Every structure is written in structure tokens, then in C-alpha cells.
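Going by the working numbering, the final residue of the sequence shown carries number 647, and the count climbs one at a time with no gaps. Don't be surprised by glycine CBs; every beta carbon is placed ideally from N, CA and C. Because the structure is a prediction, the values reported are computed rather than measured.
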Amino acid sequence: MNEIFYITTPIYYVNSHPHIGHAYTTIATDVLTRFRKLFGADTYFLTGTDEHGQKIAESAAKSGIEPQEFVDRISQEFRVMWPHLHIENDQFIRTTDPEHKACVQQILQKIYDQGEIYLKEYEGLYCVGCERFMDESELVDGNCPDHQNPPELHKEQNYFFGMSAYQDWLVAELEQNENWVYPARYRNELTQFLKAPLQDLCISRPKSRLEWGIELPFDKNFVTYVWFDALLNYASALGWPDGEKYKKYWPHVHHTIGKDILKTHGIYWPCMLKAAGMPVFKKLVVHGHWVVGGSKMSKSLGNVVDPLAMKDQLGVDALRYFLMRDMSFGEDANFTEELAITRYNGDLANNLGNLLNRSISMSRNNFEGCVPPLGEIGELEKDLRNSFSKGVETCREYILAFQPHRALEHVVWLSSLVNKYIDNCKPWSLAKQKEDRERLGTVLYTALDMTRILVGLLDPVMPEKMREARISLGLGTEGIPFEKLTHGLLESGTELPKPTPLFPKMQVPGAEKTPAKIQQKEKPTSAASDEGKEWFALEDFQKMELKVGHIRTCRKVEKSAKLLCSEVDLGEGRLRSIVSGAAEFYTPEELTNRRVLVVANLKTVKLMGEKSEGMILFSDDKGKLILIEAPDEVNPGVTVR
Ligand code: MSP
């Protein structure tokens with residue numbers, strides 16, 4: 007039986023227009039769904055909008071229109087945005103849908119009848135931005151740290167859900183199920199939070215203060231607290247309690263969320279599910295935030311990135327690629343146009359696009375416009391086939407582990423292996439000799455066949471571009487099934503249409519470096535230990551380009567006891583060859599797959615006949631070298647300073 011995979015995005019508040027953060031969560035969920043589909047799963051992907059609560063009511067009032075009209079308008083903006091970003095959700099839920107409202111009321115009634123909801127007078131600090139009461143300990147200088155506003159003091163009678171009764175259960179659940187919340191540090195954050203006593207949850211708002219919400223089924227003077235209403239969308243959408251979809255998909259539910267809503271999903275939600283007698287979610291998958299030029303995106307800073315504007319500039323699929331590739335899932339990442347274009351040029355234009363163009367053009371020119379015949383294969387082809395067989399499986403594992411950035415990094419590496427294979431085999435020279443024709447066919451066939459596998463692996467991320475690539479490879483428009491992502495399945499003699507560059511190179515805006523803002527310090531003269539030392543200016547240091555690299559392969563340099571030669575990924579769409587004098591301290595296997603620091607702008611030199619295009623940094627303790635490693639979550643190519 008096929009695996010079943012149900013995945014959701016948060017439902018977005020309709021008080022703001024869709025921005026790149028919303029787009030990221032939705033694209034990531036789309037990419038994960040498409041990959042699972044490719045692997046053969048029966049998938050269901052839900053997104054939608056969160057339309058009740060004080061924040062929305064206030065925004066509607068500001069716009070001078072009725073809340074319903076207001077939410078209809080903005081919900082529609084989200085709904086129409088997604089297809090523009092090649093998102094294929096199965097359902098779009100709105101919390102103003104009548105079926106959702108009925109579900110919320112039924113669950114509230116059930117928990118009330120169980121005696122787990124009670125009325126009490128309450129005084130607390132409420133942040134409208136977060137739509138929740140906050141502890142004083144959460145405030146920074148009296149403000150909500152996320153919204154930079156002081157919370158409002160609310161004193162009123164309200165209904166409470168006896169959430170505290172579930173604390174021990176939740177702690178045990180988090181302890182027993184290591185993979186319940188991913189990445190692990192968010193699980194730790196929840197465990198840490200649960201060290202303090204859990205409070206009961208206020209789940210109502212008096213209508214005298216807020217009318218825009220779902221009426222409590224047991225007291226018409228109150229509406230439901232917006233989070234209690236919103237979280238239930240994940241189940242109401244499937245037709246809880248006895249809808250066919252609910253029965254089929256609910257046991258396989260995964261939630262993708264941003265780190266800002268960890269507490270509501272990691273604490274409130276499991277307690278609510280437990281009280282309602284529903285199985286808890288299978289996994290909570292938490293990603294970090296996009297920041298812009300190092301600062302949080304915010305309306306007041308005027309740095310909110312509009313996904314449609316970005317898509318017009320980069321193209322939808324390249325935008326999807328950049329978002330998936332540059333954010334290490336779970337960490338924050340920086341969004342700038344320059345980074346996006348640099349990534350595009352490195353991975354897509356120079357690496358994959360170049361591979362497609364040259365392998366198709368050379369095949370067309372030398373084999374009457376068709377895929378060449380495959381002759382006898384040698385060691386080089388065997389090695390490449392081997393890397394690809396392993397590589398396809400590695401990508402699958404990364405996706406199953408919710409690490410799309412890693413999967414893409416691996417695909418790009420595979421692509422650079424094929425480019426390197428072409429460079430080594432020099433088909434342009436083979437084409438000059440008649441007796442090399444069979445070899446020429448084998449090389450070009452191999453390049454095209456491997457490219458076909460890459461195109462299949464990238465389909466979930468860039469569906470439109472990969473459709474174009476399949477047409478260029480003479481494969482037609484249909485996607486390639488996962489079991490066909492294995493070598494040797496390209497048919498010789500297939501006609502290859504004239505290729506048009508899939509990823510033409512782009513100009514990086516303002517490519518010149520920004521001048522350092524830090525002033526040069528005076529040369530110190532007083533400290534005795536500084537005597538005789540040669541000091542140089544910060545600008546001089548900044549001339550050095552320090553980058554994070556990923557050592558892909560490493561081998562001993564022949565006839566040298568000291569030298570190792572590594573192939574290092576610096577996020578440039580090709581691998582650099584770098585020689586280091588570390589053979590007495592590390593075996594090649596020990597260095598392979600390490601993340602390291604690299605001086606990236608040293609002049610290329612030859613050492614014992616090997617090209618060295620940079621320097622890997624080691625600490626040198628009286629001649630003993632120890633590798634300086636970069637954290638695992640930092641992508642190759644990231645600057646070190
Ligand atoms: N309505 C609630 C969620 C209810 S789910 C039952 C909500 N909505 S929201 O409109 O504020 O969207 C929050 C989500 O948008 C975040 O969890 C995250 O997924 C995404 N992002 C918002 N800003 C973001 C960034 N700057 N970067 C990445 N994602 C961010 O909270």
C-alpha cells in the first residue's frame with residue numbers, strides 16, 4: 007500500500023498581505039509534498055486563511071468595511087497568489103467556512119461536557135499581535151518581543167480550558183518521541199518551557215469586547231479565542247469526525263510552521279487534541295525566518311519582500327529554488343536580491359543550465375540532432391553511475407528528514423560531477439577524430455542520461471523549468487517516475503529539439519562591494535606585547551575572502567607524505583581543488599564531508615603538480631594541525647568575517 011502523507015501550512019492571518027515569509031512556508035510545504043508524491047506517497051496538502059480575532063476586527067474597522075467583506079478580500083489575495091508560485095494545494099480552508107465553525111463548536115461542546123472548560127474572572131496582559139495572553143517574564147522592556155508593543159491589560163470573565171492537566175502527559179510525549187518536533191532544538195525549547203507549571207488556556211472573548219469570532223456553543227455571550235478556532239482547521243478541513251478524508255489522512259498529519267508559532271502548535275495544540283480524543287500529529291516541522299539584509303522584515307522598516315515582485319525578477323522556479331536552497335531548514339536566512347541572483351548564477355546558470363546546453367548542443371551537432379548511441383563504458387562512467395545511484399537515494403533521505411536544502415546541495419554537486427566528467431573527457435576533441443566516434447557517443451549519452459536524472463530530482467522544486475528541460479531532452483512533458491531515475495534509460499536516437507537556454511545568466515545588481523562601515527583603528531603603540539608586530543588595516547583584512555566550504559572528496563597527493571587534495575564546494579556551482587598539508591594528521595576519509603573555512607581568493611598555485619585554488623584553515627599548534635570546522639547548518643559559500 008502507498009504511504010500516506012498529509013501536510014499543512016499555518017493558516018495565514020488576513021490582516022496583512024502575502025509576503026515572502028508566507029510564500030516560503032507554502033513553497034516548502036509544496037516542495038515536500040511534490041517530493042513525497044514522486045516517491046509514491048498518496049499526499050494531501052492543506053493551506054488557508056485565519057480570519058477571526060481582535061487583530062482582524064481592528065484591521066477591518068480601520069479600512070472602514072465590515073469584517074466579512076474585509077476577510078473575503080484578503081483571503082482571496084492568498085488564494086490567487088499560490089498558483090502564481092506553482093503551488094498545488096489540495097484544499098484551501100477559511101475559518102469563516104460554515105463547516106469549520108460547526109466543527110469548532112462541536113469540539114468545544116465535547117470538552118465542555120467532559121468538564122474540562124470552566125468560567126473564571128481573569129486579569130492578564132494580552133498582545134493583540136500574537137493574539138494571546140503573555141507572562142510578564144516573556145516581555146522585554148515591557149513590550150512583546152515580536153511586536154514591540156506593550157500588551158493590553160484585560161480584566162474580564164472568561165472560559166478556560168484545563169490545559170494544565172495535560173502537562174505531565176505532554177512532557178512524557180516529548181521525551182519519548184524524539185522526532186516529534188523537528189529540528190530537535192525546537193523540541194528542546196518546548197521541553198524547557200514545560201519546566202514551569204503550565205497555565206490553563208483562556209479560550210473565550212466576551213462579545214462585549216469582540217464580536218468577530220465563533221460563538222461558544224454553551225454561552226452566546228462569548229466568542230471562541232482565535233487560536234482555539236484556528237488550530238482546529240487542520241481537522242475540520244478533512245471532515246472531522248467521520249469524513250472519509252479525515253479517516254484516511256488524519257493519522258498521517260504533519261504540520262509545517264514558522265518558529266514564531268511554536269508554542270501554540272507545540273503546547274496548546276497537542277493538549278487540545280488529547281482532550282478532544284483525537285490522535286496527535288505525527289510531526290511538527292519548524293522553520294526559521296527570512297530576514298532582510300540582516301533585519302527582521304517589518305512594515306515599519308519598509309523591508310517586506312513581495313513574492314510576486316521577486317518572482318517577476320527571478321522567475322518563479324528560480325525563486326522557489328533559492329528559497330529552498332539558501333535556508334537551512336530550521337535556521338534563519340538572509341534574503342537579498344544579490345544573494346538570490348548569485349545563487350541563481352552559480353547553481354542554475356553556470357552549473358545545471360550549462361550542463362543541459364552543452365550536452366544537448368554537442369549531441370545535436372555530432373549525432374544528427376539525436377541522443378547518441380551508448381558504446382562501451384569505462385571506469386569514469388561506472389564511477390558516475392555509482393555516484394548517481396547513491397545520490398538519488400541520498401536526496402530521498404534528505405527529503406524524508408525534512409532537509410530540502412541538503413537535498414538540493416547534493417543535486418548541484420551531482421551536476422558538477424557531470425560537468426567535470428565532460429571537461430575530463432573533452433568531447434570537443436573526440437569530435438575531431440573519426441576513430442573516437444564511439445567514445446564521443448558514450449560520453450555525450452552519459453552526460454544526457456545523468457542530466458535526465460537531475461531533471462527528475464529537481465522537478466518538485468522547479469516544476470515548470472524541469473518540464474521545459476524534459477522537452478529539451480526529448481522526453482516529452484510528463485514527469486519522470488522515481489523508479490526511472492536510474493542510469494541507462496534514455497533512448498538513443500530520440501530527437502533533441504534545439505535548446506533554448508533554460509537559465510540565462512543574470513546581472514547582480516550593484517556588484518561592487520559595499521565599503522566597510524567600520525573605521526580603521528589607530529595602530530596601538532603602548533602594549534608591550536604588541537611591540538614588533540606588524541599591524542594592518544581592517545580594509546586589508548577585508549581583502550581576504552573567507553568562505554564556508556564543504557569537502558566533497560579528498561585524496562592523497564601522489565608521492566607526497568604531507569599533502570592532501572580536496573574537492574571543495576564553495577557554493578559556486580563548481581568544485582575547487584584545494585591542496586593542504588594535513589596528510590600527517592588526517593586521512594582523506596576523515597576530511598571528506600566536513601564543513602570547513604576556506605580562504606577563497608588566493609591566487610591559484612600548483613603544489614606537487616596539483617592545482618590549489620584556495621586554502622583550508624587549520625589551527626597550527628606547534629606543527630600539529632587541527633581542522634577548523636564550520637557548523638553543519640551553514641551552507642557552502644556563506645561568507646565568514
Ligand atoms: N494565523 C496564524 C497561524 C495559525 S495556524 C493554526 C499566523 N498567521 S501569520 O499570517 O502570521 O503567518 C505566520 C506564518 O508565516 C509563520 O509561522 C511562518 O510560517 C510564516 N512567516 C511569517 N514571517 C516569516 C518570515 N519572515 N520568514 C519565514 N516565514 C515567516 O501566525
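The Cβ atoms of leucine 603 and valine 585 lie no closer than 7 Å to each other. In the structure shown, the three-state DSSP call for phenylalanine 341 is strand.
Distances from the CB of proline 16 to the heavy atoms of ligand 1 include at least one below 6 Å. At a threshold of 6 Å, leucine 237 counts as near ligand 1, since its beta carbon sits closer than that to one of the ligand's heavy atoms. DSSP, reduced to helix, strand and coil, places serine 334 outside both helices and strands of the structure shown, so it counts as coil. Ligand 1 never approaches aspartate 36 closely enough for any of its heavy atoms to be under 6 Å from the residue's Cβ. Cα atoms of histidine 23 and phenylalanine 84: separation of roughly 8 Å, rounded to the nearest angstrom.
Under the three-state reduction of DSSP, aspartate 119 is assigned to helix. The beta carbon of glycine 447 sits closer than 6 Å to the beta carbons of Pro378, Pro379 and Gly381 from its chain, once the five residues preceding and following it are set aside; these are given in chain order. Runs of the alpha helix (DSSP H) lying entirely within the region 42 to 85, each at least 4 residues long, are 60 to 69 in chain order. Shortest gap from the CB of aspartate 103 to any heavy atom of ligand 1: 6 Å or more. In this structure, the beta-carbon distance from lysine 617 to serine 583 falls below 7 Å. Per DSSP, the unbroken beta strand (DSSP E) holding glutamine 163 starts and ends at 158 to 167. The alpha carbon of phenylalanine 51 has as its nearest neighbour, out of Gly643, Lys251 and Ser395, the alpha carbon of Lys251. In this structure, the CA atom of valine 398 is about 22 Å from the CA atom of isoleucine 33. In the three-state reduction of the DSSP assignment, glutamine 97 falls in the strand class.
Around the beta carbon of serine 143, fewer than 16 other beta carbons sit within 10 angstroms, so the residue counts as exposed. Going by DSSP, phenylalanine 11 is part of the beta strand (DSSP E) stretching over 10 to 14. If you check the CB distance, threonine 55 and asparagine 95 do not come in under 7 Å. Distances from the CB of isoleucine 383 to the heavy atoms of ligand 1 are all 6 Å or more.
If you compare the alpha carbons of Lys388, Phe488, Ile209 and Ser435 with that of phenylalanine 167, the shortest gap goes to Ile209. Separation of arginine 412 and isoleucine 117 (C-alpha to C-alpha, rounded to the nearest whole angstrom) is 43 Å. Leucine 386 has its alpha-carbon roughly 19 Å from the corresponding atom of cysteine 571. Straight-line measurement puts the Cα of glycine 121 at about 58 Å from the Cα of tryptophan 419.
The three-state reading of DSSP puts tryptophan 218 in coil, since its state is none of H, G, I, E or B. Per DSSP, proline 410 is one residue of the alpha helix (DSSP H) stretching across 410 to 431.
In the DSSP annotation of this structure, the continuous segment of the beta strand (DSSP E) that includes isoleucine 557 starts and ends at 552 to 562. By the 16-neighbour rule on beta-carbons within 10 angstroms, glycine 321 is buried.
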